[in-house]
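There are 2 protein chains.
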Amino acid sequence: MRATLIYGAGDVRVEDVPDARLREPTDAVVRVVRSCVCGSDLWPFASRPASERGDRMGHEFLGVVEEVGAAVTAPAVGDVVVAPFVWADGTCDFCAEGLHTSCRHGGNWGAPDVDGGQGEAVRVPQAQGTLVRLPVAADSPLLPALLTLSDVLPTGHHCAVTAGVGPRTTVTVIGDGAVGLCAVLAARRLGAARILLMGRHTDRTDLGGEFGATDVVAERGEEGVERVRELTGGDGTHAVLECVGTRPAVETAFGVVRDGGAVSRVGVPQYAEVPMDFGVFLRNITLTGGVAPARAYIDELLPDVLDGVIEPGKVFDRTISLDRVADGYRAMADRTALKVLLRV
Amino acid sequence: MRATLIYGAGDVRVEDVPDARLREPTDAVVRVVRSCVCGSDLWPFASRPASERGDRMGHEFLGVVEEVGAAVTAPAVGDVVVAPFVWADGTCDFCAEGLHTSCRHGGNWGAPDVDGGQGEAVRVPQAQGTLVRLPVAADSPLLPALLTLSDVLPTGHHCAVTAGVGPRTTVTVIGDGAVGLCAVLAARRLGAARILLMGRHTDRTDLGGEFGATDVVAERGEEGVERVRELTGGDGTHAVLECVGTRPAVETAFGVVRDGGAVSRVGVPQYAEVPMDFGVFLRNITLTGGVAPARAYIDELLPDVLDGVIEPGKVFDRTISLDRVADGYRAMADRTALKVLLRV
Numbered sequence: 001m002r003a004t005l006i007y008g009a010g011d012v013r014v015e016d017v018p019d020a021r022l023r024e025p026t027d028a029v030v031r032v033v034r035s036c037v038c039g040s041d042l043w044p045f046a047s048r049p050a051s052e053r054g055d056r057m058g059h060e061f062l063g064v065v066e067e068v069g070a071a072v073t074a075p076a077v078g079d080v081v082v083a084p085f086v087w088a089d090g091t092c093d094f095c096a097e098g099l100h101t102s103c104r105h106g107g108n109w110g111a112p113d114v115d116g117g118q119g120e121a122v123r124v125p126q127a128q129g130t131l132v133r134l135p136v137a138a139d140s141p142l143l144p145a146l147l148t149l150s151d152v153l154p155t156g157h158h159c160a161v162t163a164g165v166g167p168r169t170t171v172t173v174i175g176d177g178a179v180g181l182c183a184v185l186a187a188r189r190l191g192a193a194r195i196l197l198m199g200r201h202t203d204r205t206d207l208g209g210e211f212g213a214t215d216v217v218a219e220r221g222e223e224g225v226e227r228v229r230e231l232t233g234g235d236g237t238h239a240v241l242e243c244v245g246t247r248p249a250v251e252t253a254f255g256v257v258r259d260g261g262a263v264s265r266v267g268v269p270q271y272a273e274v275p276m277d278f279g280v281f282l283r284n285i286t287l288t289g290g291v292a293p294a295r296a297y298i299d300e301l302l303p304d305v306l307d308g309v310i311e312p313g314k315v316f317d318r319t320i321s322l323d324r325v326a327d328g329y330r331a332m333a334d335r336t337a338l339k340v341l342l343r344v
Numbered sequence: 001m002r003a004t005l006i007y008g009a010g011d012v013r014v015e016d017v018p019d020a021r022l023r024e025p026t027d028a029v030v031r032v033v034r035s036c037v038c039g040s041d042l043w044p045f046a047s048r049p050a051s052e053r054g055d056r057m058g059h060e061f062l063g064v065v066e067e068v069g070a071a072v073t074a075p076a077v078g079d080v081v082v083a084p085f086v087w088a089d090g091t092c093d094f095c096a097e098g099l100h101t102s103c104r105h106g107g108n109w110g111a112p113d114v115d116g117g118q119g120e121a122v123r124v125p126q127a128q129g130t131l132v133r134l135p136v137a138a139d140s141p142l143l144p145a146l147l148t149l150s151d152v153l154p155t156g157h158h159c160a161v162t163a164g165v166g167p168r169t170t171v172t173v174i175g176d177g178a179v180g181l182c183a184v185l186a187a188r189r190l191g192a193a194r195i196l197l198m199g200r201h202t203d204r205t206d207l208g209g210e211f212g213a214t215d216v217v218a219e220r221g222e223e224g225v226e227r228v229r230e231l232t233g234g235d236g237t238h239a240v241l242e243c244v245g246t247r248p249a250v251e252t253a254f255g256v257v258r259d260g261g262a263v264s265r266v267g268v269p270q271y272a273e274v275p276m277d278f279g280v281f282l283r284n285i286t287l288t289g290g291v292a293p294a295r296a297y298i299d300e301l302l303p304d305v306l307d308g309v310i311e312p313g314k315v316f317d318r319t320i321s322l323d324r325v326a327d328g329y330r331a332m333a334d335r336t337a338l339k340v341l342l343r344v
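Residue numbers (the UniProt record's numbering), protein chains in the order written: chain C, 1 to 344; chain F, 1 to 344.
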């Protein structure tokens, strides 16, 4: 079968790999119908050291179940399913608490001996705990929206939930990438009336406005902090959703959060330390968030996606075929595409 | 009147200062009956640069109201009252949210033109929002316990509350100082069944056991982390209450917190940055806490102190008179006293 591998910065290839097949009774094999490129894929695309052996890529996919192991009761062969961006058994104590990313028997797509999502098929470990059946046909026009359940939508939602967003919270979202826009969508869905979106790509912030942003702040750094403070009577907002992952974004987050408020971070951290000094201590700022346990949120988010109450599929502004995936990486790295959908 | 000033590291003096008197209609004057030395007072006692002008010290006191301004309806002259360690108006939006430490018209004891608590009397700004009437006589045997409502008990409580401690959480408390011990007491009071206390002074950890600690971990650093992990099946605890304020204590906290858990810090930070790297991100660790809005918690804690359900007064293991306050600082700095009570 064909699948995507990365060999170094800027070097993404689609190659023949061994076919996905059952190994464990808890496995399923899913034929991929849609996959996509994640903002977090851009970090290795920017800086991975070159090597002779490639790594499998992709952690967002939906498709049709082709085969299930003897221990898998559901889903069934023929079901259309979506996979969250980590796999998990769904039964351990961490999964029971909704922290599937810390599952005692879980793991990552594209790890050694595990397929990546950007390929024709995937062996899904812990299939029963991992896969979620979607009540649609394999050619549904809702597929792009449903694919966002794999990562980008629950990541934005996790950011909003851990920051405590609700009807009484004011919110700043930092970053106008697909996760930032989904964080806007999630904050609006959770009832936030005032949502300030910090971003400077007007096509993206326009979509942010559709998703529920009430104000757009194009300024960055100190100017951006000042602008948010101006817009909030000097105080900043209760919740700050940090959807970038860089140190400057975290510093901006601390600058715009209201005393007693929370900064939640879901951008993969490109930093090792954060400022939590005496000034932050006096202001009782909480820093929360982390990798989103997407599986924990899919059941809650799925009905609103099916009903069209939210339309997260709008984050995909380009669709390409699997064999052109490298073009998709480049388009996202160049910021000419917001998020690239792969037809497989 | 006599009051305590600090002139430099190791240099604490009791001197004549201008008498406390009303300045604003919102003021009261309180004659101090009991005050004490705080662990946080030891930071300037260890390192304050020497100067010719001293700073007033002390932020924990209870006493008798001697005079009130025209705008003060309560408390009344003659009332026994306790003051939280910051003063606040009690009416602004932050106070209404329980964040009196960010009050729009509040401030610190011992700031310029504001008395400190380690003295014979205090002008209390925003007296109506700040002072809490105590239904006891000025010579009640409960005075030491009631004085802990000023800072050390609500600080431990804030640590436990912000970390989300409840009946289903396991807890590690880092630090066997008076705040750490009050954090144990607060965690127990909030229902935690398993409380691991990290400390190596057996007289203090013994009191921690009385307060509710179920396990004591005397090891520090990596060994301490390993020991807590051993005691918790490898996982660490849901909540970690960091009651020291040093960088190694924060690192220990991240080492012993369970995935998805919270580290709350109430030790005054002697560091500017904390490790919040990719590994912490993957584990979904929340860092919370900060300076405790003591006033917000006194109404809840007072009944249990009055009824003797909790006995936080046991943290005082030495009582001295105001004129010997420097001895109290030294005893706490040398670790020969846990917390020193001042009779004024």
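All C-beta atoms, glycine included, are put in the ideal place defined by N, C-alpha and C. Nothing here was measured: the structure is a model prediction, and the numbers come from that model.
Taking CB atoms only, residue 246/C has no neighbour in chain F less than 7 Å away. For residue 285/F, the residues of chain C that pass the 8 Å Cβ criterion are 290, in the order they occur in the chain. The DSSP-derived three-state label of residue 66/F is strand. Look at residue 94/F here: in three-state DSSP terms it is helix. If you look at residue 203/C, you'll find it in the alpha helix (DSSP H) that goes 202-211. By the Cβ neighbour-count rule, residue 141/C is exposed, with fewer than 16 other Cβ atoms within 10 Å of its own.
For residue 50/F, no alpha helix (DSSP H) segment is defined, and its DSSP state is neither H nor E. Within a 10 Å sphere around the beta-carbon of residue 148/C sit 16 or more other beta-carbons, which makes this residue buried. At a beta-carbon threshold of 8 Å, the residues of chain F lying near residue 277/C are 269, 271, 272, 273, ordered along the chain. With fewer than 16 other Cβ atoms from the protein chains shown falling within 10 Å of its own Cβ, residue 309/F counts as exposed. DSSP places residue 229/F inside the alpha helix (DSSP H), whose first and last residues are 221-231.
Classified as buried, residue 242/C has 16 or more neighbouring CB atoms from the shown chains inside 10 Å of its CB. Closest option to residue 197/F, judged by alpha-carbon separation, among 182/F, 75/F, 191/F: 182/F. Think of a sphere of 9 Å around the beta carbon of residue 322/F: no beta carbon from chain C falls inside it, the nearest being about 28 Å out. Residues 271 of the same chain have their beta carbon placed closer than 6 Å to that of residue 247/F, with the five preceding and five following residues left out of the count.
With respect to the 7 Å criterion, residue 273/C and residue 273/F are classified as neighbours on the basis of their beta carbons.
With its beta carbon at least 7 Å from every one in chain F, residue 341/C lies outside the interface. Against chain C, the beta carbon of residue 231/F has no neighbour under 8 Å; the closest one sits roughly 17 Å away. From the beta-carbon of residue 259/C, the residues of chain F found nearer than 7 Å are 94, 99, 102. The bridge partners DSSP lists for residue 264/F are 241/F, 288/F. Taking 7 Å as the threshold, the shortest C-beta distance from residue 281/F to chain C falls below it. Bounds of any beta strand (DSSP E) do not take in residue 1/F, whose DSSP letter is neither H nor E.
Nearest in C-alpha terms to residue 327/C, of all of 203/C, 37/C, 153/C, 51/C, is 37/C. Contact holds between the stretch 115-127 of chain F and the stretch 2-10 of chain F, because three or more Cβ pairs, one in each stretch, are under 8 Å apart. With contacts defined as CB atoms closer than 7 Å, residue 214/F and residue 189/F fail to qualify as a contacting pair. With fewer than 16 other beta carbons inside 10 angstroms of its own, residue 135/F counts as exposed.
Within the DSSP bridge table, the entry for residue 320/C names 342/C as partners. Secondary structure of residue 8/F (DSSP, three-state): strand. No residue range can be given for residue 151/C, since it is assigned to no beta strand (DSSP E) and is classified by DSSP as neither H nor E. When DSSP states are grouped into helix, strand and coil, residue 38/F belongs to the coil group. Only residues of its own chain outside the window of five on either side were considered, and among them 32, 33, 34, 35, 120, 322 have a CB closer than 7 Å to the CB of residue 344/F, listed in chain order. With 16 or more other CB atoms across the displayed protein chains lying within 10 angstroms of its CB, residue 144/C is buried. When beta bridges are read from the DSSP output, residue 170/C appears opposite 194/C. The beta carbon of residue 103/F is closer than 7 Å to those of 88, 89, 92, 94, 95 in its chain, skipping five residues each way along the sequence. By the neighbour-count criterion, in which 16 or more other beta carbons inside 10 Å mark a residue as buried, residue 203/C falls on the exposed side.
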